[in-house]
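Right, one structure below, let's go through it.
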Ligand code: PMP
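Numbering (full-length UniProt numbering), first residue to last: 1 to 354.
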């Protein structure tokens, strides 16, 4: 039986995507060969790469606006450094909203000066700072749209006078935004898009080519754009599976339709957290993430009972990150609302037992 998968990442993918991807591993396009044993330069795979790149721009509403989509490797963690290598000349502004922002800052500091425009570190990152200034003579401004560990999410974005770079690893394709506000977006695939192994980068071409440093080939966005995201052997399985997920999103009606479902799931989850006296939400209400709901159980004596009940209900992946503790219900795009209903039922049943 398929479990209710609340894992924070790698995380749930649509069942039909898993079925198609597993078929392609055995026999790709009914060509009598596995996706994993054909040349990445074959027409069949080049078509996959091109389709995936085009679908990204289509779903984000960025077609014809000077953006390019790339499927790279090294995870979002490599982007922490790659962004700075390609864009940082003298100084950049970073919004520090969690562990991943802090890691992005650490890597960029290897190259040049970084200024934290604001931080919520003093409150263990349970809110998103607001009302900060972004100096217009900096090279770029970097933020993290969704803080996977702490369960906070930026509900609005500043009107940045300089290119805005955003780590959208844990909420890409989950809600409508004006994506043309961003100069560069990156996201590890393993939440809303596909398996681990590829990282999506969407970059506005005109922000590139402005730094004086020499950029190593594999770190150079311009070079990857020139090579059609095929400078070296791409992670074919991760790109193909991502393409299938992008098709699935399009088939559902695009990001708008997904957002409606995500709002319903989040509202069910947070209502239970707020109404059930046994549980307490971690993040400030106005900044709550639609993807990752973080909460604690108020009565330690009920921990074992709760966890047994979760197991019996087939609920998996609910443990919170060690820096927050408690529980984290990750409700990515592919998580059915029935899974959230099951979790909420277990939580309210616990209340009736207490
Ligand atoms: N940024 C965010 C917001 C994340 O959630 C994660 C992974 N959980 C990362 C960056 C790091 O991604 P990767 O493991 O692909 O390097």
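All residues carry an ideal CB built from backbone N, CA and C; glycine is no exception. Keep in mind that this is a model prediction, so the values were computed, not measured.
With a cut-off of 8 Å on Cβ pairs, the segment 33 to 41 is not in contact with the segment 161 to 174, counting fewer than three such pairs. In the structure shown, the three-state DSSP call for residue 127 is coil. Boundaries around residue 91 are those of the beta strand (DSSP E), 91 to 96, since no alpha helix (DSSP H) includes it.
Excluding its 5 nearest sequence neighbours in each direction, residue 196 has C-beta neighbours in its own chain below 6 Å: 10, 190, listed in chain order. Taking 3 residues as the shortest admissible run, the segment 21 to 76 contains the following complete beta strand (DSSP E) segments, listed from N- to C-terminal end: 67 to 72. Placement of the Cβ of residue 167 at a distance of less than 7 Å from at least one heavy atom of ligand 1 is found. The DSSP assignment places complete beta strand (DSSP E) segments of no fewer than 3 residues inside the segment 309 to 342 at 327 to 330, in order along the chain.
A residue is called buried once 16 or more other Cβ atoms fall within 10 Å of its Cβ, and residue 267, having fewer, is exposed. Residue pairing for residue 142: DSSP places it in a beta bridge opposite 94, 165.
When rounded, the separation of the alpha-carbon atoms in residue 243 and residue 55 is 8 Å.
Per DSSP, the unbroken alpha helix (DSSP H) holding residue 247 starts and ends at 236 to 252. Going by DSSP, residue 104 is part of the alpha helix (DSSP H) stretching over 99 to 108.
The secondary-structure analysis by DSSP pairs residue 5 across a beta bridge with 316. For the pair residue 293 and residue 328, the CB atoms are nearer than the 8 Å cut-off. When C-alpha distances from residue 186 are compared across 142, 274, 314, the shortest belongs to 142.
Set against 7 Å, the gap from the CB of residue 146 to the closest heavy atom of ligand 1 is smaller.
With fewer than 16 neighbouring CB atoms inside 10 Å of its own CB, residue 275 falls in the exposed class. Rounded to the nearest whole angstrom, the CA to CA distance from residue 6 to residue 137 is 42 Å.
For residue 7, the shortest C-beta to heavy atom distance toward ligand 1 is 7 Å or greater. The beta carbon of residue 199 sits closer than 7 Å to at least one heavy atom of ligand 1. From the listed residues 65, 73, 93, 248, the smallest Cα separation to residue 236 is found for 73. The Cβ-Cβ distance between residue 330 and residue 4 does not fall below 8 Å.
At least one heavy atom of ligand 1 falls within 7 Å of the beta-carbon of residue 77. In this structure, residue 150 lies near residue 125, with their beta-carbon atoms less than 8 Å apart. Setting aside the 5 residues that flank it on each side, residue 278 is surrounded in the same chain by 297, 298, 299, 302, 347, 350, 351, 354, each with a C-beta closer than 8 Å to its C-beta; the list follows chain order.
Less than 8 Å divides the Cβ of residue 291 from the Cβ of residue 170. Among the bridge pairs identified by DSSP, residue 292 is matched with 330. In this structure, residue 211 sits away from residue 184, with a CB-CB distance that is not shorter than 8 Å. Taken in chain order, the complete alpha helix (DSSP H) segments of 4 residues or longer contained in the segment 252 to 277 are 254 to 275. For the pair residue 16 and residue 245, the Cα-to-Cα distance works out to about 9 Å. Ligand 1 has a heavy atom closer than 7 Å to the beta-carbon of residue 188. Annotation for residue 132: no alpha helix (DSSP H) segment contains it, and DSSP assigns it neither H nor E. DSSP places residue 203 within a strand segment (E or B) once states are collapsed to three. In this model, residue 309 and residue 230 are separated by some 48 Å (Cα to Cα).
If you look at residue 185, you'll find it in the beta strand (DSSP E) that goes 184 to 188.
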